[in-house]
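As given, the protein sequences belong to chains A and B, one line each in that order.
Quick note: the first sequence uses our numbering, first residue 27, plus one each step.
Quick note: the second sequence uses our numbering, first residue 26, plus one each step.
A virtual CB, placed ideally from N, CA and C, is assigned to each residue, including glycine.
Owing to the predicted nature of the structure, the values given are computational and were not obtained by experimental measurement.
A short worksheet on the structure shown next.
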Amino acid sequence: MEIKGHLESRSKKQWWRDLKDWLRAFPFLAPSLIVFTIFVFVPLVRSVILSLYGTNPIGQMTKFVGLKYYQRLFTSPDYINSMLVTLKFVLYTVPGVLILGVLLSTLANLRFKGISIFRILFSLTIAISGATAALLFMFLYQPLIGIFNYLLSLVGIPAVPWLIDTKWALIAVAIPRIWLQTGFATVLLLAGMQGISEEYYEAAKIDGADFWQSWWHITLPLLTPSLFFLLVVTSLNAFQTFTEVNIMTGGGPVNSTEVVVQAIYRSFYFNGQYGLASAQALILFVIILALTIIQFGVLERRVHYE
Amino acid sequence: MIKSTRFLKVTGKILLYFLLIICAGVMVFPLYTGVVTSLLGPENIASYPPKLFPVDLRWQNYVDAARQAPLMRFILNSFIQSGGVMILQLFTASLAAFAFAFLPFKGKNFVFLIFLSTMMIPWESTIIPNYLFIQKIGWDDTYMGLIAPFMATAFGTFLLRQFFMSIPKDLYDAAKIDGCGNFRFLITILLPLARPALGTLAVYSFLQTYNQYLWPLLITNSTNMRTVQIGITMLQVFEREQWQVVLAGVVTIMIPTLILFIFANRQLIRGLTAGAIKG
Chain A
27 MEIKGHLESR
37 SKKQWWRDLK
47 DWLRAFPFLA
57 PSLIVFTIFV
67 FVPLVRSVIL
77 SLYGTNPIGQ
87 MTKFVGLKYY
97 QRLFTSPDYI
107 NSMLVTLKFV
117 LYTVPGVLIL
127 GVLLSTLANL
137 RFKGISIFRI
147 LFSLTIAISG
157 ATAALLFMFL
167 YQPLIGIFNY
177 LLSLVGIPAV
187 PWLIDTKWAL
197 IAVAIPRIWL
207 QTGFATVLLL
217 AGMQGISEEY
227 YEAAKIDGAD
237 FWQSWWHITL
247 PLLTPSLFFL
257 LVVTSLNAFQ
267 TFTEVNIMTG
277 GGPVNSTEVV
287 VQAIYRSFYF
297 NGQYGLASAQ
307 ALILFVIILA
317 LTIIQFGVLE
327 RRVHYE
Chain B
26 MIKSTRFLKV
36 TGKILLYFLL
46 IICAGVMVFP
56 LYTGVVTSLL
66 GPENIASYPP
76 KLFPVDLRWQ
86 NYVDAARQAP
96 LMRFILNSFI
106 QSGGVMILQL
116 FTASLAAFAF
126 AFLPFKGKNF
136 VFLIFLSTMM
146 IPWESTIIPN
156 YLFIQKIGWD
166 DTYMGLIAPF
176 MATAFGTFLL
186 RQFFMSIPKD
196 LYDAAKIDGC
206 GNFRFLITIL
216 LPLARPALGT
226 LAVYSFLQTY
236 NQYLWPLLIT
246 NSTNMRTVQI
256 GITMLQVFER
266 EQWQVVLAGV
276 VTIMIPTLIL
286 FIFANRQLIR
296 GLTAGAIKG
């Protein structure tokens, strides 16, 4: 009897302590939690609901339509096109960013006089926005007096119809993205390389390894976590691309650059199809969530092994 | 034998410098031609071949750009938005990071997961309800509407938490014994110590917000409320074929970010690479 009463009062005490801990921590967490609730969690739920309803032109829900939008999307040639364009955009940009990032970070990691100047020049694009990059490249792409076509003519290559031709437009939109992301990739990989312990290189030197051997057998393997992180982040960014497309082509010519986010923007902002646009946005959400979970999973493993 | 290896070493070094210069040239080229062209006179802009070197120094283009579009107003709007987001993120993130690093409470892991999950939800999947909500409460075309959705940051919270956890717990315990409350400890002891981390978050969030495109495009309607990234495209629409003026505008709006890049390079890089290290 006595013991039971004692336990009860202890668990009650414990309960009180938990509550007091919570009351102490809550004021610190509340500002963030309130913002996340209003602008992330509630909108996400509302997105799901919106995607199941018909709406009037100001976005009020009128009648339940179930999965009609999803059905329509998976059979719509326009939607399938926007998915394919986005996938192509990912394939055009991600390998380029990774290769250039590895090249530039390897160069920037050399010990040379004045290397810090090169490091700054290589990473310059981290400060540049998608909109300004889009305008800079639109100037370079001009058909008649553009600098790119002039430079190509110097080596005997005929003028390229950069933003005008359906075959070229997506490549033309991908190039400024590669340029922008290469700065970030270089910064990230350089930080990764500088985190590799000097001891490995010294041991390799004693074993008679030259620069390329130690790069291939030490730098690259130890850089794989950074490379993987970069792969995921650049893919995520490429799936969400919008700015360059919106400014440079608006999705054209003939939908050849209509990436998913541009399609969502057109659906709800111009056509007032809030439900349809929400369905599109949620499909994008699932893709991105899958990529992010893979990323966190692998980073988790990496921490275990270290 | 020795001579030839030295010869190889020297030529190798020259080749590497050459490669470095080519790579730097490629990376800087779009920006370089933008600056050169922004200073060309109208007679040189449409001539062939295009000018790759600064043959003119026509500063008038910058005056023209500022006259064609209210660039200074755009920059002001962007500074208000970015500054507001920066200050509010520093506030919300340091509060939450303090709770994660110093306060014991049940379900901490669960709350941590809630924060983490906001990083996995892409902005695009919530943007339509957010847009409708901001319109409904009448915040469209206002600074509040530009700032509100970005007032909290999971990334920034983790960044500061990481730094707070490197500070010895003894300091907190000693302050508590001296009768120092949680808020006072945070403000008078912890935040001054955390200046490097706060600087990193400040620079990162300012730059991210300054370079935003989609949200300000949706939420602002009047010319007077446009931010730089949206406003600058007005020049391109008005000034077709007047590339020297468009590029003068582009260079103008890039100046604040380039200044940040030069003077806060270390903070910026720390912010960008922080994501690669698990929080």
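Item: Distance, B:Ile39 Cα to A:Leu166 Cα; Value: 31 Å
Item: Assigned secondary structure, B:Thr151 (DSSP; H/G/I helix, E/B strand, else coil); Value: coil
Item: Helix, strand or coil at B:Met190 according to DSSP, with G and I counted as helix; Value: helix
Item: Own chain partners of A:Ser108 with C-beta closer than 6 Å, once the 5 adjacent residues on each side are dropped; Value: Glu284, Val286, Ala289
Item: Cutoff 9 Å: A:Arg36 Cβ touching any chain B Cβ; Value: no
Item: C-alpha gap between A:Val68 and B:Ala94, whole angstroms; Value: 38 Å
Item: Chain-order list of residues whose beta-carbon lies under 8 Å from that of A:Asn281 (same chain, five-residue window excluded); Value: Asp104, Asn107, Ser108, Val111
Item: Interface partners of B:Met97 on chain A, CB under 8 Å; Value: Simply none; closest approach about 17 Å.
Item: Expected contact under 8 Å - CB spacing of A:Thr275 and A:Val324 to nearest Å; Value: A:Thr275 to A:Val324, Cβ: 35 Å. No contact.
Item: Spatial distance of A:Tyr95 from A:Thr81 (CA atoms); Value: 12 Å
Item: Chain-ordered chain B contacts of A:Trp238 [CB-CB under 7 Å]; Value: None at all; the shortest Cβ gap to chain B is about 12 Å.
Item: Best match in B:Ile255, B:Ile287, B:Ala299 for proximity to A:Ser142 [C-alpha to C-alpha]; Value: B:Ile287
Item: Close-in-space but distant-in-sequence residues of the same chain around B:Leu33 (CB under 6 Å, 5 per side omitted); Value: none
Item: Distance CB(A:Ala153)-CB(A:Ile273) smaller than 9 Å; Value: no
Item: Closest residue to A:Leu59 among B:Leu243, B:Thr143, B:Val51, B:Phe78 (Cα-Cα distance); Value: B:Thr143
Item: Short CB-CB distance (under 9 Å) between A:Gly122 and chain B; Value: no
Item: Proximal residues of chain B, C-beta to C-beta of A:Asp44 below 8 Å; Value: Phe130, Lys131
Item: Proximal residues to A:Ser333 (C-beta, below 7 Å), its chain only, five neighbours per side dropped; Value: There is simply no residue 333 of chain A to check, as chain A begins at 27 and stops at 332 in what is shown.
Item: Same chain only: Cβ atoms within 7 Å of B:Ser63, ignoring 5 sequence neighbours per side; Value: Asn86, Gln269, Leu272, Ala273, Val276
Item: Local Cβ density within 10 Å of A:Glu270, reported as buried at 16 or more and exposed below that; Value: buried
Item: Bridge-paired residues (DSSP) for A:Gly80; Value: A:Lys89
Item: 9 Å Cβ cutoff met for A:Val145 and A:Ala134; Value: Strictly speaking, residue 145 of chain A in this sequence is Arg, with Val absent from that position. Yes, Cβ-Cβ distance for A:Arg145 and A:Ala134 is below 9 Å.
Item: Reference B:Tyr238, options A:Phe268, A:Asn263, A:Phe255, A:Ser102, closest by Cα; Value: A:Phe268
Item: Length of the line joining the Cα atoms of A:Leu308 and A:Ile173; Value: 41 Å
Item: Exposure of B:Met97, with buried meaning 16 or more beta-carbon neighbours within 10 Å; Value: exposed
Item: Cα-Cα separation between B:Ile244 and B:Leu101, rounded to whole angstroms; Value: 17 Å
Item: For B:Ile146 and B:Pro241, the rounded distance between their alpha carbons; Value: 19 Å
Item: Per-residue contacts from B:Ile278 into chain A (C-beta, under 9 Å); Value: Ser155, Ala157, Thr158
Item: Whether A:Thr318 touches A:Leu257 by CB criterion (9 Å); Value: no
Item: Proximity test, A:Val324 beta-carbon vs the ligand COA heavy atom, cut-off 8 Å; Value: For the structure depicted, the ligand COA is absent and the ligand set is empty, with no information on it obtainable.
Item: Residue-chain proximity (A:Ile197, chain B), Cβ-Cβ < 9 Å; Value: no
Item: Burial state of A:Leu45, where buried means 16 or more other Cβ atoms lie within 10 Å; Value: exposed
Item: Per-residue burial, B:Thr30 [other beta carbons within 10 Å of its own, 16 or more giving buried]; Value: exposed
Item: Residues of the region 186-213 of chain A whose Cβ lies closer than 9 Å to any Cβ of chain B, in chain order; Value: Pro202, Trp205, Thr208, Gly209, Phe210, Thr212, Val213
Item: Contained alpha helix (DSSP H) runs [length at least 4] in the region 226-258 of chain A, N- to C-terminal order; Value: 237-240
Item: Stretch pair the region 176-192 of chain A + the region 231-240 of chain A: three plus CB contacts closer than 8 Å; Value: no
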